[in-house]
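Heads up: the structure comes next, in structure tokens.
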Amino acid sequence: MNWKRFDVFAIIVLPLIAAAIVLKLNTDLLFISSLLFFGLPSLYIGLRNPGILRKSATFAFIFSIPMSIIIDTLSALNGAYVIPKTIFPFKIFGISTVELYLFSFLWVLMSVLFYEYFFDHGRKGDAISKRIRIFLYIVFAFSVVVLIMLFANSRWLLIPYAYLVLGTLFTIIPLVAFLYFHPQFLPRFVVIAAYYFSFLMLYELVALATHEWIFPGQFIGFVTVQGLSFPLEELLIWMIVCTPALLSYYEFVADDSKL
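My numbering puts the first residue of the sequence shown at 1061, with every later residue one more than the last.
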């Protein structure tokens, strides 16, 4: 059997299976959809190459938690995206649902596994770069500032066009800067962006059809596909830029890359 062809087939089919299950169940729970959409491909890649699982999961945890404290808190507060329904009896800091943190962790995990397996050819025993410490110091400081402002006076954190502002600061600028200094990564990032655009567009339409998230905030415009509307920022930033930007963080602060 040609395993590489089967691998490509699997990562195309698994999101379709996830979409079919979510629509069949007609569930509006982000907890379930994130496990299916991100969990199934992660499980498949992890089984195909168990050696890359530990490093990928470690980075996913280290990266997603502090970034969720900053970005998901600010996004929920400003209505950039809101999860109306949660299975948990509380919200983190009274703002963000637990599901958002799970969603972020699984997205990072799947993205890094995907990257390591298909492009970076990760091996068992690959270590996380010591540069991750500097990243942690920076995001920890940002997190503390955000939380202090949140509990002191949450109005200080109100941002016009929050999705655009946060997306520009945390994804577009870092990605452009990384590719400026390391243009050799552009071809693989283009391929990854193409796959994730299709993947995240499918997830978006399913989530909107089942009312998993809403967009009550301020946006530069809206896009309508199959009668379902979402912000232009969601299309440009989340579906196109976010995953390559995430992987630029990964290459720079965590991977044993030869930059």
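C-beta atoms are modelled at their ideal positions from N, C-alpha and C, and glycine is treated no differently.
Local Cβ density within 10 Å of residue i, reported as buried at 16 or more and exposed below that
i: Tyr1141; result: buried
i: Thr1284; result: exposed
i: Ser1289; result: exposed
i: Trp1063; result: exposed
i: Tyr1281; result: The identity of residue 1281 in the sequence shown is Gly, whereas the question assumes Tyr. Exposed is the call here.
i: Phe1174; result: buried
i: Val1073; result: exposed
i: Leu1100; result: buried
i: Ala1051; result: Past the boundaries of the shown model lies residue 1051; the chain is included only from 1061 to 1319, so the question cannot be answered.
i: Phe1150; result: exposed
i: Val1251; result: exposed
i: Leu1085; result: exposed
i: Ile1071; result: buried
i: Ile1192; result: buried
Beta-carbon spacing of residue i, residue j below 8 angstroms
i: Val1168; j: Phe1123; result: yes
i: Tyr1263; j: Phe1097; result: yes
i: Thr1133; j: Leu1210; result: yes
i: Phe1165; j: Phe1230; result: no
i: Glu1294; j: Asp1088; result: no
i: Ser1189; j: Ala1314; result: yes
i: Leu1090; j: Phe1163; result: yes
i: Leu1160; j: Ile1147; result: no
i: Glu1176; j: Phe1245; result: no
DSSP beta-bridge partners of residue i
i: Trp1284; result: In the sequence as displayed, the identity of residue 1284 is Thr instead of Trp. Note: Thr1284 sits in a beta bridge opposite Ser1289.
i: Ser1156; result: Ile1152
i: Val1142; result: Ile1274
Straight-line Cα distance separating residue j from residue i
i: Asp1180; j: Ser1093; result: 28 angstroms
i: Phe1259; j: Ile1077; result: 12 angstroms
i: Tyr1104; j: Trp1216; result: 43 angstroms
i: Leu1235; j: Phe1066; result: 31 angstroms
i: Ser1135; j: Ala1222; result: 7 angstroms
i: Leu1137; j: Leu1296; result: 21 angstroms
i: Leu1218; j: Met1127; result: 18 angstroms
i: Leu1113; j: Ala1237; result: 28 angstroms
i: Leu1265; j: Gly1106; result: 27 angstroms
i: Arg1248; j: Gly1287; result: 33 angstroms
i: Val1158; j: Ile1130; result: 14 angstroms
i: Ser1156; j: Val1204; result: 16 angstroms
i: Pro1243; j: Arg1108; result: 30 angstroms
i: Lys1115; j: Lys1145; result: 32 angstroms
i: Val1172; j: Asp1186; result: 13 angstroms
Extent of the continuous alpha helix (DSSP H) run through residue i
i: Thr1118; result: Leu1113 to Met1127
i: Lys1064; result: Trp1063 to Leu1085
i: Ile1194; result: Ile1192 to Ala1212
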